[in-house]
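Have a look at the structure below before the remarks.
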Amino acid sequence: MSQQVSIRTLLRCAAFLLALAAALTALPGTPKAQAPIPDVLVEPFDAGWLSTDEKRYLQAALAFNGHYMGLIDGDWGKGSQGALESYSRKTFSTPPLNMQMASLAFSFLDEIDREGWEMRYLPGLGLSLAFPARTMKPLPMKGSLNHWGHTISDFDIYTLRSDFADMYSWHGWAEQQQAPGLAPYTLRRADRWVTAVTTAQGSRYYFRSEMIRGGWSSVLLSAGPAESDMINGVSTSIAVGRAPAFNIPPGGALHRMVMLTLDWLDSARGADARVSQGSTAPAAPDAEHKASGSGFFVDPNGLILTNAHVVRGCSRLSHDGQPLSLVGQSEQYDLALLSGPPAPAGTVAAHFAPGPAELNADIAVAGYPLSDLLGGLNVTRGSVTAMTGLGGDVTKMQISAPVQSGNSGGPVLDSSGQVVGVVVSKLDALKMADISGEIPQNVNFAIRGEIAKLFLSGQGVRPDTSGDGAPLTPTDLARRAATFTVLIFCD
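To convert, note that position 330 of the sequence shown is 330 in my numbering; the numbers rise steadily by one, no gaps.
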């Protein structure tokens, strides 16, 4: 994926999608401090600009978004156009524009990165299909069926190489799974059989067989009610022979439109001066004085995530008396990755939540505020009070959990102890009192977990999302936070 879109582009994926949605759905009269949108981005979408590979990529993106059910072949017809119109109406409430095309491209990049989607060729079958390499594992065979299972969701892939009689019996079994009162979808050709059903419980089966080299090569997909988009994407990707990967060809029309949209987003972010006004970062190090901040382990080898402003101007960084070095940072998103000596045996890395925190969700903040006075780990509780930061900053969210100097860089945790954000700033109460005449209470901000995960991916670190998501008691949550939250000193 790095060959088609830069790491910097990937890092801005989540922020881009949120900002684009806000730009296209803003109510008339809403004050905005955004750069003008280039005319070409708000022109109606025209597939005639795109190559076959670019159209295949968009068809796959629409399939994995649940809008497209046709073949992923690069042939842009009424079905493809209708799917894009459905996506645009649902996501932006507008007809499809070039900006929506860029949004769709980004959403699929995020999906590819999260699941590890690749077009996998199965030589024993002579078929290719989209395969989530990061999240599927081989399981014991079920009779004559090879079996892979998803590690997180209710999704399975089975394959079979057989004669006609065996293939026929499996399609018969699939038809019998259809919920009463509804007819299964079936296709019966000399070289292809397809059976698709929905069970009474809402699960779905898709069974496709192709006549190849004198025998039948079959793929059976099984998905729970919540995995409709995944089975849509994989079923439409199945192709005879080797199929090319899904990518955005460098220098093509789609790539140019994506980069133009990113440039506009950067300009819009720079024009929005309100994002930085009225907000102060706790524990921003002073180059002349020792300061401290918080961070947390993101891998068992001892890599630590914190804020870029925590390490800014430091001549020496340390944790627990051991020196730390800067691996990489993003000033734009105020994140930094640190490394030190090999981590002690048993070091636990924080688990990231697989999805974003929702509005009003319970959260906890862990860190080392006012370390010279308070000493140990501090855990405070609150909720997500807004899905954006100051001035509509889409890379951040507002939280009510109390934050003090030294909390910067600490994790924001959901009820199961999974990371959903990184503490970054608190509202300057005195400045806001001067402006509004009121003293704000518990108005604090965190970098969204999606931004943190993308930053880590750009640094070659795979965020751990393997947590079970089971709720913890407040005391158990604090104990878990203590295993990966650290105090960072800056000299």
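We put the beta carbon where it would ideally sit given N, CA and C, even for glycine.
The DSSP-derived three-state label of His150 is strand.
Across the structure, Leu139 and His150 are spaced so that their CA atoms are roughly 10 angstroms apart. Linking Asn378 to Leu477 through their CA atoms gives a straight-line distance of about 12 angstroms. The continuous beta strand (DSSP E) containing Pro323 extends over residues 322–330. Spanning the alpha carbons of Val403 and Val365 requires a straight line of approximately 8 angstroms. Residue pairing by DSSP puts Lys396 in a beta bridge opposite Ile447.
In the displayed model, Ala61 falls within a helix according to three-state DSSP. Only exposed fits Arg192, as fewer than 16 other CB atoms lie within 10 angstroms of its CB. Remark: C-beta atoms of Ala353 and Asp299 do not approach each other more closely than 8 angstroms. The stretch 393–410 makes no contact with the stretch 460–470: fewer than 3 CB pairs, one atom from each, lie closer than 8 angstroms. In this structure Val40 is exposed. Its beta-carbon is surrounded by fewer than 16 other beta-carbon atoms within 10 angstroms. Membership of Asp229 in the alpha helix (DSSP H) is indicated by the continuous run 228–237. Secondary structure in the stretch 92–128: the beta strand (DSSP E) runs of 3 residues or longer, each lying completely within the stretch, are 117–122 in chain order.
Per DSSP, Asp166 is not a residue of any beta strand (DSSP E); the alpha helix (DSSP H) it occupies stretches across 164–175.
Counting along the chain, the unbroken alpha helix (DSSP H) around Phe484 starts and ends at 474–484. As DSSP reads the structure, Phe455 sits in no beta bridge. Classified as buried, Gln418 has 16 or more neighbouring CB atoms from the shown chains inside 10 Å of its CB. Note that the C-beta distance between Ser228 and Ser408 is not below 8 angstroms. Rounded to the nearest whole angstrom, the CA to CA distance from Met141 to Tyr158 is 9 angstroms. The closest CA to that of Thr306, considering only Leu359, Leu262, Gly367, Pro356, is found on Gly367. In this structure the stretch 234–245 lies against the stretch 65–75, because at least three pairs of beta carbons, one per stretch, are closer than 8 angstroms.
A Cβ-Cβ contact shorter than 8 angstroms links Val424 with Ala446. Spanning the alpha carbons of Leu182 and Arg188 requires a straight line of approximately 19 angstroms.
Closest in alpha carbon position to Asp320, among Ile488, Tyr57, Leu62, is Ile488.
Per DSSP, the unbroken alpha helix (DSSP H) holding Val310 starts and ends at 308–311.
Your pair Asp75 and Pro244 does not check out as a contact, with CB atoms roughly 15 angstroms apart and the cut at 8 angstroms. Each residue's CA atom was taken as its position, placing Pro411 and Asn301 some 18 angstroms apart. By the neighbour-count criterion, in which a residue is buried when 16 or more other Cβ atoms sit within 10 angstroms of its Cβ, Leu160 is buried. The residue among Ser218, Phe296, Gln177 with its C-alpha nearest the C-alpha of Thr198 is Gln177. With contacts defined by Cβ atoms closer than 8 angstroms, Thr195 and His171 form a contacting pair. Pairing Gln100 with Ser86 gives a Cβ-Cβ distance that is not under 8 angstroms. Judged by their CB atoms, Ser51 and Pro249 are nearer to each other than the 8 angstroms cut-off. Judged by DSSP in its simplified three-state form, Met141 adopts strand. Under the three-state reduction of DSSP output, Val40 falls in the helix class. Only residues of its own chain outside the window of five on either side were considered, and among them Ile72, Asp73, Gly74, Pro244, Phe246 have a CB closer than 8 angstroms to the CB of Arg56, listed in chain order. It is roughly 16 angstroms from the alpha-carbon of Met259 to the alpha-carbon of Asp110.
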